[in-house]
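These notes concern the structure reproduced below.
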Amino acid sequence: MFPKFRKTPLAWRQLMKEKTRLAVAVAGITFADMLMFIQLGFESALFDAAIKPHRNLQADLVLINPQFQTLFSVKSFSRERLYQTLSHDSVKSVNSVYISTGQWRNPQTRLDRAILVWGIDPAQPAFSFPEIKQHQNDLKQLYQVMFDQAGRPEYGDIATTLKQTGNFQTELNSKAINVKGVFSNGASFAADGNVITSDSTFLQLFPDRKADRIEVGLLTLKSGAEPEKVRSQLEAILPKDVLVLTPEGFAQIEKNYWATGTGIGFIFGLGVGVGFIVGIVIVYQILYSDVSDHLPEYATLKAMGYSDRYLLGVLLQEALFLAILGFLPSFFLSLGLYQLTYTATLLPISMTVERAIRVFILTIVMCSFSGAIAMRKLRAADPADIF
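Here it is, written out as structure tokens:
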């Protein structure tokens with residue numbers, strides 16, 4: 007009834023005959039896949055960390071300087087442009103954000119470390135972090151801040167001290183400040199940590215800053231307004247010294263900077279490529295050895311009338327089996343490494359369906375390509391020369 011399923015599973019039996027060789031092949035493919043998983047996972051995690059603040063902004067549209075590329079080097083614009091957007095019927099309210107890099111002093115080590123400082127209106131929090139809303143009244147007082155507990159440990163054990171004593175005092179830009187609470191954002195390319203404070207405190211910490219120069223303008227639209235339509239209309243009427251974006255578009259500017267404006271994207275892509283090539287070499291060596299060891303049997307099949315196409319199918323079946331057998335352990339081992347990495351670094355690294363499918367497809371292509379190359383030796387074999 008199903009003749010295909012009654013055929014001898016030649017490819018599978020050949021693989022299982024040499025169990026040591028099979029184990030080596032699976033281990034090699036697992037290593038190559040893990041290398042691709044790790045490179046893709048790190049790339050995704052670092053990009054997600056870089057744009058996490060952007061995605062936590064509470065706004066329907068964002069106003070920035072057209073030269074803005076990254077939080078690492080922010081560009082400001084006139085607050086007047088933000089108020090001009092209120093002339094549009096669909097704009098309900100506006101809010102502003104100051105951004106700059108300050109020097110945080112660890113009170114235990116007395117060492118200073120750069121930290122990203124966000125100045126917001128405490129009466130209208132710019133971020134969706136629930137902890138910010140809980141400490142709105144605290145932030146209204148001067149020199150009160152919220153600290154990012156997911157930042158680097160070099161800033162000090164702020165969260166533990168705050169939990170035990172209810173108070174944490176240190177210096178920011180050589181000015182005494184009080185930490186009133188913590189939130190979780192995480193380190194990124196732009197900064198090892200973050201501090202959120204009121205706009206008034208921000209201007210005290212950075213006395214050279216002008217109050218009418220802001221880094222990000224936040225627009226909240228009226229119910230029923232279409233953000234993309236309003237964005238296009240505002241972009242047409244506002245001067246060219248500002249750029250109107252959706253929050254996701256704002257995040258993509260940051261992501262594109264690190265992906266294409268630096269060597270980071272190339273480095274991670276190179277890592278994936280190296281894993282792919284390593285896998286091709288390993289699978290090719292296994293399949294080539296298999297063909298060499300069974301050359302008389304393959305020659306017999308050719309003498310019996312089996313075509314090169316059939317034999318290529320056998321090799322491709324072996325390659326597919328190897329791809330599956332190598333992918334499965336790499337997937338589960340990568341899950342463990344992702345969890346270990348998250349625990350050690352707090353990077354937002356996790357397995358995604360898209361990444362798993364991508365690596366699996368690369369594994370199949372890798373193994374199939376190796377099988378096609380190994381077929382060259384088989385195709386060149388002449389039954390008359392063997393017998």
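In the working numbering, the protein residues as written are 7 to 393.
All residues carry an ideal CB built from backbone N, CA and C; glycine is no exception.
Residue i lies in the beta strand (DSSP E); which residues open and close that run?
i: Asp-118; result: 118-126
i: Tyr-104; result: 97-111
Is it buried or exposed for residue i, if we count other Cβ within 10 angstroms and need 16 for buried?
i: Asn-191; result: buried
i: Lys-139; result: exposed
i: Phe-338; result: exposed
i: Thr-26; result: exposed
i: Glu-49; result: buried
i: Leu-92; result: exposed
i: Thr-36; result: buried
i: Leu-221; result: Rather than Leu, the amino acid found at residue 221 in this sequence is Glu. Buried, because 16 or more other Cβ atoms sit within 10 Å of the Cβ of Glu-221.
i: Glu-360; result: exposed
i: Ala-51; result: buried
i: Asn-143; result: exposed
i: Phe-256; result: buried
i: Gln-45; result: buried
i: Lys-23; result: exposed
i: Thr-369; result: buried
i: Gly-172; result: exposed
i: Pro-59; result: buried
i: Lys-261; result: buried
i: Gly-108; result: buried
i: Ile-367; result: exposed
Short of 7 Å in beta carbon distance, which residues of its chain neighbour residue i, apart from the five on each side in sequence? Order them along the chain.
i: Asp-259; result: The identity of residue 259 in the sequence shown is Ile, whereas the question assumes Asp. So the qualifying residues of the chain are Phe-74 and Gln-75.
i: Leu-331; result: Val-32
i: Trp-18; result: Phe-327
i: Ala-165; result: Gln-155 and Val-188
i: Val-236; result: Leu-67, His-94, Ser-96 and Leu-227
i: Ala-196; result: Ala-56, Thr-76, Leu-77, Phe-78 and Leu-122
i: Gln-114; result: Gly-162
i: Lys-98; result: Thr-226, Leu-227 and Lys-228
Just list the residues that DSSP pairs residue i with in beta bridges.
i: Thr-241; result: Checking the displayed sequence, the identity of residue 241 turns out to be Glu instead of Thr. Glu-241 pairs with nothing; no bridge assigned.
i: Ile-220; result: Phe-83
i: Asn-184; result: Gln-150 and Gln-175
i: Phe-133; result: Leu-63
i: Leu-249; result: Ile-70
i: Thr-115; result: In DSSP, Thr-115 forms no bridge with anything.
i: Leu-225; result: Leu-67 and Val-100
i: Phe-327; result: In DSSP, Phe-327 forms no bridge with anything.
i: Thr-76; result: Ser-79
i: Phe-189; result: Asp-154
Our contact map puts residue i next to residue j with C-beta atoms below 8 Å; I'd like the distance itself, whole angstroms only.
i: Asp-54; j: Pro-354; result: 5 Å
i: Val-185; j: Phe-153; result: 5 Å
i: Gly-125; j: Phe-208; result: 3 Å
i: Ser-356; j: Phe-212; result: With 8 Å as the limit, Ser-356 and Phe-212 do not qualify as a contact, their Cβ atoms being about 36 Å apart.
i: Pro-136; j: Gln-64; result: Going by Cβ atoms, the distance from Pro-136 to Gln-64 rounds to 12 Å, so no, they are not a contact pair.
Give the range of the alpha helix (DSSP H) segment to which residue i is assigned.
i: Val-201; result: Careful: Val-201 lies outside any alpha helix (DSSP H), inside the beta strand (DSSP E) at 200-204.
i: Leu-52; result: 25-61
i: Ser-295; result: 270-299
i: Leu-145; result: 142-145
May I ask you to check if the CB of residue i is nearer than 6 Å to at least one heavy atom of the ligand COA?
i: Phe-48; result: The ligand COA is not among the ligands present in this structure, which contains no ligands whatsoever.
Which same chain residues, not among the five before or five after residue i, have their C-beta less than 8 Å away from its C-beta?
i: Pro-335; result: Val-32 and Thr-36
i: Thr-399; result: This structure cannot speak to residue 399, because the chain is shown only from 7 to 393.
i: Val-100; result: Leu-88, Tyr-89, Thr-91, Leu-92, Gly-223, Leu-224, Leu-225 and Thr-226
i: Ala-129; result: Gln-142 and Lys-146
i: Asp-218; result: Ser-84, Arg-85 and Glu-86
Below 6 Å CB to CB, which residues in the same chain sit around residue i once its five sequence neighbours on both sides are set aside?
i: Phe-174; result: Ile-164, Thr-167, Leu-168 and Val-185
i: Val-284; result: Ala-38
i: Leu-307; result: none
i: Lys-81; result: Asn-71, Gln-73 and Phe-74
i: Glu-241; result: Val-250
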